[in-house]
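As they're listed, the protein sequences go chains A and B. Take the first sequence: its position 197, counting from 1, is numbered 213 in the working numbering, and each next residue is one higher. Take the second sequence: its position 114, counting from 1, is numbered 135 in the working numbering, and each next residue is one higher.
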Amino acid sequence: MRISIFNYGVGNLYSLQAALKREGVEPYLASDIRRASDADALLLPGVGNFSEAARKLPLDEIRDLVRSGKPLLGVCLGLQLFFERSDEGPGRGLCLLPGRVKRLPSIVKVPQIGWNVLKIKHHNGLVAGLPDRSWVYYVHSYYPVTRGPWVIATSEYGLEYPSLIANKNIFGTQFHPEKSGSTGRTILRNFLRLIRK
Amino acid sequence: MPLAKRIIPCLDIKGGRVVKGVHFRGLQDAGDPVELSIRYRDEGADEIVFLDITASLEQRSTLTSLVKRIAENLDIPFTVGGGIRSMSDARAVLCSGADKVSVNTAAILRPKLVSELASVFGSQCVVVAIDAKRVGGKNGQWFEVFSHSATKPTNLEAGKWAKQAEELGAGELLVTSIDRDGTKLGYDVELLSHITSQVNIPVIASGGCGSLLHFVEVFTEANCDAALVASLFHYAELSVKQAKEYLMSKGVLVRP
Numbered sequence: 017m018r019i020s021i022f023n024y025g026v027g028n029l030y031s032l033q034a035a036l037k038r039e040g041v042e043p044y045l046a047s048d049i050r051r052a053s054d055a056d057a058l059l060l061p062g063v064g065n066f067s068e069a070a071r072k073l074p075l076d077e078i079r080d081l082v083r084s085g086k087p088l089l090g091v092c093l094g095l096q097l098f099f100e101r102s103d104e105g106p107g108r109g110l111c112l113l114p115g116r117v118k119r120l121p122s123i124v125k126v127p128q129i130g131w132n133v134l135k136i137k138h139h140n141g142l143v144a145g146l147p148d149r150s151w152v153y154y155v156h157s158y159y160p161v162t163r164g165p166w167v168i169a170t171s172e173y174g175l176e177y178p179s180l181i182a183n184k185n186i187f188g189t190q191f192h193p194e195k196s197g198s199t200g201r202t203i204l205r206n207f208l209r210l211i212r213k
Numbered sequence: 022m023p024l025a026k027r028i029i030p031c032l033d034i035k036g037g038r039v040v041k042g043v044h045f046r047g048l049q050d051a052g053d054p055v056e057l058s059i060r061y062r063d064e065g066a067d068e069i070v071f072l073d074i075t076a077s078l079e080q081r082s083t084l085t086s087l088v089k090r091i092a093e094n095l096d097i098p099f100t101v102g103g104g105i106r107s108m109s110d111a112r113a114v115l116c117s118g119a120d121k122v123s124v125n126t127a128a129i130l131r132p133k134l135v136s137e138l139a140s141v142f143g144s145q146c147v148v149v150a151i152d153a154k155r156v157g158g159k160n161g162q163w164f165e166v167f168s169h170s171a172t173k174p175t176n177l178e179a180g181k182w183a184k185q186a187e188e189l190g191a192g193e194l195l196v197t198s199i200d201r202d203g204t205k206l207g208y209d210v211e212l213l214s215h216i217t218s219q220v221n222i223p224v225i226a227s228g229g230c231g232s233l234l235h236f237v238e239v240f241t242e243a244n245c246d247a248a249l250v251a252s253l254f255h256y257a258e259l260s261v262k263q264a265k266e267y268l269m270s271k272g273v274l275v276r277p
């Protein structure tokens with residue numbers, strides 16, 4: 017199994033690669049669509065900000081690839097890019113799902129940094145084996161606003177927001193599975209199992 | 022609010038090994054950073070801070086290879102601090118797998134470093150560490166920031182510097198009380214409350230932890246988000262697990 021991690025910014029891509037390697041997958045970094053599309057699945061990591069990512073990524077090509085059935089996992093900003101727009105700045109995202117990205121309310125400390133619980137709303141293979149209220153690690157200032165059966169889990173911080181999304185071959189987490197200990201490991205394993213089918 | 026309060030063990034690193042001070046007389050080898058951090062994770066640590074106390078030029082490459090080894094094995098977040106002076110120092114550490122870098126003296130000498138780091142890597146990666154000490158007489162007492170491993174007074178007021186760091190783009194503050202560091206008398210609740218009242222970013226408390234009660238204080242009275250602990254855990258006087266069980270019994274939300 018090969019997974020391509022889109023390399024569109026600067027920051028920690030190493031942890032995500034390491035987490036996948038621990039599950040026996042060979043991830044590789046790709047910065048163009050041709051190299052990325054060779055993989056069995058695409059991974060959009062969470063580095064940098066929305067506008068810069070929207071500017072640097074070959075969004076049309078990624079959208080076509082995903083619509084043709086290629087599995088996609090978005091982590092943090094990678095998930096936010098599934099939507100159309102973000103309060104973080106100008107630019108259009110992948111527009112794979114209806115919704116937009118907003119800044120966390122200032123009644124709480126922003127960024128949210130730390131461990132928070134998942135409230136599971138719908139059954140999905142991505143959360144198989146996870147008890148409700150499992151702990152995951154967050155580092156973010158923005159959150160997606162979207163409604164629909166693809167909202168598999170939510171978390172609460174100042175307000176309730178979608179934290180785990182799954183719709184056919186599209187998967188996303190607002191938290192960092194690669195930093196979420198055993199819960200994160202379960203989610204990554206579930207993802208790999210789902211895309212092997 | 023379901024966001025858990027965090028317990029963060031801090032490991033001092035020298036030449037790629039964990040070291041601990043022995044009665045202020047030199048440093049003793051305390052083991053492998055990867056093994057120790059995994060042990061803390063298994064006990065329930067929420068994050069780990071690695072503080073490189075060598076920070077000499079020739080050993081920077083030792084540090085980046087260590088950071089890679091940690092990232093390969095540790096599945097909770099970790100911060101690397103000590104001797105991060107420039108964008109390229111930060112880049113080397115972050116691209117090797119660290120989740121955050123902490124900057125202290127370099128940010129005081131050149132505050133723009135904080136905004137540069139935040140704009141390139143994102144605020145969430147940038148921890149500004151502040152070492153503060155009570156100065157002045159009884160009537161005019163205030164908290165002064167010290168640089169260069171807490172040796173040089175800067176004339177900066179800690180609350181003001183905290184606010185400025187937030188405005189520059191820091192995602193988190195790590196605030197150490199120089200007065201309390203190593204005393205086990207408890208965190209400086211007054212200092213920490215002063216800081217948390219000035220900013221709207223998470224604050225990690227450091228310096229002085231000596232008992233289970235001190236954890237409760239720093240979360241409930243000082244409104245801190247995380248508690249950093251060094252010696253207490255190394256010398257096995259207390260474990261992360263004990264601290265968390267106690268906090269839970271006192272109604273403080275922690276990740277079990």
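Cβ atoms here follow ideal geometry from the backbone N, Cα and C, with glycine treated the same way.
key: Beta-carbon proximity check, A:Y154 vs A:F191, cutoff 7 Å   = yes
ask   = Using a beta-carbon distance below 7 Å, is B:A113 in contact with chain A?
value = No, B:A113 does not count as interfacial toward chain A.
ask   = Around the Cβ of A:I123, are there at least 16 other Cβ atoms within 10 angstroms (buried) or fewer (exposed)?
value = exposed
request  = Flag B:A25 as yes if its beta-carbon sits less than 7 Å from any beta-carbon of chain A, otherwise no.
outcome  = yes
query = Is the beta carbon of B:L195 sitting closer than 7 Å to the one on B:F236?
reply = no
ask   = From B:D96 to A:I203, what does the alpha carbon distance come to, in whole angstroms?
value = 13 Å
inquiry  = Tell me which residues share the same chain as A:K118 and place their Cβ nearer than 7 Å to its Cβ, disregarding the 5 neighbours each side in the sequence.
reply    = D103, Y158, Y159 and V161
inquiry  = Counting beta carbon pairs with one atom in the region 88-104 of chain A and one in the region 184-199 of chain A, are three or more of them shorter than 8 Å?
reply    = yes
message = Short of 6 Å in beta carbon distance, which residues of its chain neighbour B:I105, apart from the five on each side in sequence? Order them along the chain.
response = A111, V122 and V124
task = Could you work out which residues of chain A lie near B:S117, taking near to mean beta carbons separated by less than 7 Å?
result = Y30
Contact set for B:A127: own chain, Cβ-Cβ below 6 Å, skip 5 residues either direction = R106 and L134
request  = Let me know the alpha helix (DSSP H) ranges lying completely inside the region 88-153 of chain A, each 4 residues or longer, listed in chain order.
outcome  = 93-96
ask   = Which whole-angstrom value describes the C-beta separation of A:Y24 and A:S47, a residue pair presumed to lie in contact below a C-beta threshold of 8 Å?
value = Going by Cβ atoms, the distance from A:Y24 to A:S47 rounds to 7 Å, so yes, they are a contact pair.
inquiry  = So if DSSP puts A:I19 in a beta bridge, which residue, or which two residues, is it bridged to?
reply    = Paired residues: A:P43 and A:A57.
query = Touch check for the region 244-261 of chain B and the region 207-220 of chain B: three-plus C-beta pairs under 8 Å?
reply = yes
request  = Return the CA-CA distance between B:I29 and A:G130, expressed in angstroms with no decimal places.
outcome  = 11 Å
query = Hey, does B:C192 have any beta-carbon neighbour from chain A nearer than 7 Å?
reply = With the sequence shown as reference, residue 192 of chain B is identified as Gly, and Cys is not the correct amino acid for it. Judged by the 7 Å Cβ criterion, B:G192 is in contact with chain A.
query = Would you say the region 222-229 of chain B touches the region 189-206 of chain B, given that touching needs at least three Cβ pairs under 8 Å?
reply = yes
ask   = Starting from A:E194 and walking both ways along the beta strand (DSSP E), at which residues does that stretch end?
value = From DSSP, A:E194 is part of no beta strand (DSSP E); its letter is neither H nor E.
request  = Run the CB neighbour count on B:A257, radius 10 Å, all protein chains shown included, and call it buried at 16 or more, exposed below.
outcome  = When all chains shown are included, B:A257 counts as exposed.
inquiry  = In this structure, how does DSSP classify A:R24 when only helix, strand and coil are distinguished?
reply    = The sequence as given places Tyr at residue 24 of chain A; Arg does not occur at that position. In the structure shown, A:Y24 sits in coil (DSSP, three-state: anything other than H, G, I, E or B).
task = Go to B:T172, then tell me how far its beta strand (DSSP E) extends in each direction, as first and last residue.
result = Per DSSP, B:T172 belongs to no beta strand (DSSP E) and is neither H nor E.
request  = Count the other CB atoms, across all protein chains shown, that sit within 10 Å of the CB of A:H138; report buried if there are 16 or more and exposed otherwise.
outcome  = exposed
query = A:K195 touches chain B at which residues, Cβ-Cβ below 8 Å?
reply = D96, I97, P98 and D120
request  = Find the residues of chain B that neighbour A:A34, judging by a C-beta separation of less than 7 Å, and give them in chain order.
outcome  = The contacting residues are A92, E93 and G118.
query = Shorter than 7 Å from the beta carbon of A:Y173 to some beta carbon of chain B?
reply = yes
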